[in-house]
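The structure appears below as structure tokens.
Numbering (full-length UniProt numbering), first residue to last: 1 to 342.
Have a look at this one:
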């Protein structure tokens, strides 16, 4: 494809069967159909040769996501909500340290590019700003924490197992996979004995971490989860694999419009406030995303005014507390906290 390919359509209207599977893009496989849509754009001189491969690989991840999460295998079945859910998954991967904000923007742009070309319209388009992806610097300007009232509303619609998992995520900052794979019975015993819990299963990179026990809600969450758990070694039902349970759970969450990662955001913000209170004795000092003060100098001045110190000391305090929050979330770099705290 070093030269513009001949006899390749350049739009939906030029395809032989534009209403067929995958909008008539010549493949039953959605990933390949996406590449074929990009070849049309190349033939129309809208993108370069390298972009076909790069954007095709990025769209392939989206195709895998909606196949695994929603059993969607045909572009004609894709809705804007599927794209929005994928954007929120990208956001979770930013928060998890798996993906840079810039890469997330690029992945979403590839999805918009392919679907726009394939469908011939922009009705499926979702922008990074409307779903609250952090800007390319990685600093979020949208508070993604679920409020206490929203949390309870969601819980009222979940079964006992998912309700217990949700509470563990909120009170201990656990990822969904971690809350599923760890053993709440042994965690509860450790929490009572040592006032910390070890999170070791399902972690990124297989790295264990400890989380301090500082309030009764954490013990309540573990005690309740251990009851739901029964005699099994984790929160995954004994008759299911993790993949099966995850797929089933995500379908339930999708129906409710619920993102479990919002619980980790809530944990991070609460942890930030609590650590500053412990260090300074001053309550309700909030992160940039909660306080409304912009990340950096403006927020440091806000802290300085609240705790009665210099902006330089406030900057050091903010850094110290972010290090603590990052560690509790299972990260080694404090810049990841920008996605949670602003």
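Glycine included, every Cβ here is placed at the ideal spot set by N, Cα and C.
Nothing here was measured: the structure is a model prediction, and the numbers come from that model.
**Request:** Starting from the Cα of residue 18, find the closest Cα among 85, 82, 117 and 106 and give me that residue.
**Result:** Numbered from 1 along the chain shown, position 18 holds the residue referred to as residue 18. Taking only the C-alpha atoms, the option nearest residue 18 is 117.
**Message:** Rounded to the nearest angstrom, what separates residue 130 and residue 264 at their Cα positions?
**Reply:** Here residue 130 refers to the residue found at position 130 when the chain shown is read from its first residue. Here residue 264 refers to the residue found at position 264 when the chain shown is read from its first residue. Residue 130 and residue 264 have their C-alpha atoms spaced approximately 21 Å apart.
**Request:** Can you give me the Cβ contacts of residue 2 inside the same chain, cut-off strictly under 8 Å, excluding the 5 residues immediately before and after it?
**Result:** Position 2 of the chain shown, counting from 1, holds the residue named residue 2. Note on residue 2: pLDDT 46, under 50, position unreliable in the model; the coordinate value appears next. Once the five neighbours on either side are set aside, the close Cβ partners of residue 2 are 49.
**Per-residue burial, residue 178 [other beta carbons within 10 Å of its own, 16 or more giving buried]** = Position 178 of the chain shown, counted from the first residue, corresponds to residue 178. Residue 178 should be labelled buried.
**Residues that residue 210 bridges to, as DSSP identifies them** = Counting from one through the chain shown, the residue named residue 210 turns up at place 210. Paired residue(s): 198.
**Message:** Below 8 Å, how does it come out for the region 305-324 and the region 100-107: are there three or more Cβ pairs, yes or no?
**Reply:** no
**Request:** Give the straight-line distance between the Cα atoms of residue 279 and residue 258, rounded to the nearest whole angstrom.
**Result:** For the purposes of this step, residue 279 is taken as residue 279 along the chain shown, with counting starting at 1. For the purposes of this step, residue 258 is taken as residue 258 along the chain shown, with counting starting at 1. Cα-Cα distance, rounded: 34 Å.
**Message:** Do residue 84 and residue 126 count as a contact pair if the criterion is CB distance below 8 Å?
**Reply:** In the chain shown, residue 126 corresponds to position 126, counting from 1. In the chain shown, residue 84 corresponds to position 84, counting from 1. The answer is yes: Cβ separation under 8 Å.
**Prompt:** Going by C-alpha distance, which of 206, 192, 235 and 276 is nearest residue 182?
**Reply:** Within the chain shown, numbered from 1, the residue matching residue 182 stands at position 182. Of the candidates 206, 192, 235 and 276, the one whose C-alpha sits nearest the C-alpha of residue 182 is 235.
**Request:** Given a cut-off of 8 Å, decide if residue 336 and residue 143 are closer than it, judged by their beta-carbon atoms.
**Result:** The residue you call residue 143 lines up with position 143 of the chain shown. The residue you call residue 336 lines up with position 336 of the chain shown. Their beta carbons are not under 8 Å apart, which means residue 143 does not touch residue 336 by this criterion.
**Message:** With H, G and I counted as helix, E and B as strand and the rest as coil, what does DSSP make of residue 305?
**Reply:** If you number the chain shown from 1, residue 305 lands on position 305. Three-state DSSP puts residue 305 in a helix.
**Asked** Roughly how many angstroms lie between the CA atoms of residue 207 and residue 174, to the nearest whole one?
**Response** Counting from 1 along the chain shown, the entry for residue 207 is found at position 207. Counting from 1 along the chain shown, the entry for residue 174 is found at position 174. Roughly 13 Å between the two C-alpha positions.
**Same chain, Cβ closer than 6 Å to residue 225, neighbours up to 5 away in sequence not counted** = Position 225 of the chain shown holds residue 225. Once the five neighbours on either side are set aside, the close Cβ partners of residue 225 are 164, 168 and 184.
**Message:** Could you compute how far the alpha carbon of residue 54 sits from the alpha carbon of residue 107?
**Reply:** Mapped onto the chain shown, residue 54 falls at position 54. Mapped onto the chain shown, residue 107 falls at position 107. If you take the alpha carbons of residue 54 and residue 107, they lie about 10 Å apart.
**Message:** Using C-beta distances below 7 Å, list every residue in its chain close to residue 274, excluding the 5 sequence neighbours before and after it, in chain order.
**Reply:** Here residue 274 is taken as the residue at index 274 of the chain shown, counted from 1. Answer for residue 274: 214, listed in chain order.
**Message:** Between which two residues does the alpha helix (DSSP H) holding residue 167 run?
**Reply:** Taking the chain shown and counting its residues from 1, the one referred to as residue 167 is at position 167. Segment 160-172, the alpha helix (DSSP H) holding residue 167.
**Prompt:** Which residue spans inside the region 105-192 form an unbroken alpha helix (DSSP H) run of at least 4?
**Reply:** DSSP runs (the alpha helix (DSSP H)) wholly in the region 105-192: 148-155, 160-172 and 176-181.
**Prompt:** Do residue 333 and residue 326 have their C-beta atoms within less than 8 Å of each other?
**Reply:** Sequence index remark: in the chain shown, residue 333 carries index 333 (1-based). Sequence index remark: in the chain shown, residue 326 carries index 326 (1-based). Contact flag set, yes.
**Straight-line gap, residue 199 to residue 209 (C-alpha atoms, nearest Å)** = Counting from 1 along the chain shown, the entry for residue 199 is found at position 199. Counting from 1 along the chain shown, the entry for residue 209 is found at position 209. Each residue's alpha carbon lies about 5 Å from the other.
**Asked** Taking residue 293 as the reference, which of 128, 341 and 271 has the closest Cα?
**Response** Counted from its first residue, the chain shown places residue 293 at position 293. Per the Cα distances, 341.
**Message:** Looking at residue 299: is its Cβ nearer than 8 Å to the Cβ of residue 291?
**Reply:** Counting from one through the chain shown, the residue named residue 299 turns up at place 299. Counting from one through the chain shown, the residue named residue 291 turns up at place 291. Result yes, Cβ atoms of residue 299 and residue 291 sit closer than 8 Å.
**Asked** In its own chain, which residues sit with a C-beta less than 7 Å from the C-beta of residue 261, not counting the 5 before and 5 after it?
**Response** Numbered from its first residue, the chain shown carries residue 261 at position 261. For residue 261, where only same-chain residues beyond five positions count, the Cβ hits under 7 Å are 92 and 95.
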